[in-house]
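Visitor:
Numbering (my numbering), first residue to last: 60 to 178.
And the structure:
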């Protein structure tokens, strides 16, 4: 925490990085998190998101959509488990229930990495 001009502790907002290629979905996800007090960063590029997590301060959560970009989303999701530094970051991947088996076969989940399937 940092002190504000008034001397009160200034609470910094939690930051979520959203990886989504569809414009309307980007807007919906960004609005959802902003309305709940988060700072929301948006990118369409999984590599850019990965680089952002290797800087400081890093975002507090990664939300990656596999609705449209499937393999790049899966690769990004799994890369967080393979890296000691990134393994401490919570990651949520969202995708279609129609591709449930693809997620089961490919996603390396644990306590901090989860998959949310949508109808």
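Yeah, the Cβ is synthetic: ideal placement off N, Cα and C, and Gly gets one too.
Do residue 154 and residue 108 have their C-beta atoms closer together than 9 Å?
Guide: As a first step, residue 154 is located in the chain shown; it is residue number 95 there, counting from the start. As a first step, residue 108 is located in the chain shown; it is residue number 49 there, counting from the start. It is not a contact, given that the beta carbons lie outside the stated cut-off.
Visitor: Would you mind listing the alpha helix (DSSP H) stretches within the region 68-94 that are 4+ residues and don't spill past its ends, in chain order?
Guide: Complete alpha helix (DSSP H) runs here, min 4: 82-94.
Visitor: Only counting the same chain, and skipping five residues up and downstream in sequence, which positions put a Cβ closer than 8 Å to that of residue 75?
Guide: Within the chain shown, the letter at position 16 stands for residue 75. 92, 97, 98, 99, 100, 118, 119, 120, 121, 122.
Visitor: Determine, for residue 115, whether the minimum Cβ-Cβ distance to residues of chain C falls below 9 Å.
Guide: The question asks about chain C, but that chain is absent: this structure has only one protein chain.
Visitor: I'd like to check one pair, residue 136 with residue 174: are the Cβ atoms closer than 9 Å?
Guide: The sequence position of residue 174 within the chain shown is 115, counting from 1. The sequence position of residue 136 within the chain shown is 77, counting from 1. Against a cut-off of 9 Å, the Cβ pair of residue 136 and residue 174 comes out as a contact.
Visitor: Who does residue 145 pair with in a DSSP beta bridge?
Guide: As a working note, residue 145 is residue 86 in the chain shown. Residue 145 pairs with nothing; no bridge assigned.
Visitor: Are the CB atoms of residue 134 and residue 178 nearer to each other than 9 Å?
Guide: For this step, residue 134 is matched to residue 75 along the chain shown. For this step, residue 178 is matched to residue 119 along the chain shown. In this structure, residue 178 does not lie closer than 9 Å to residue 134 by Cβ.
Visitor: Helix, strand or coil for residue 128? Go by DSSP, reduced to three states.
Guide: Walking along the chain shown from the start, residue 128 turns up at place 69. Residue 128 falls in the coil class under three-state DSSP.
Visitor: Nearest to residue 140 by alpha carbon, out of 83, 168, 151, 84?
Guide: Locating residue 140 in the chain shown gives position 81, where the first residue counts as 1. Nearest of 83, 168, 151, 84 to residue 140, Cα basis: 168.
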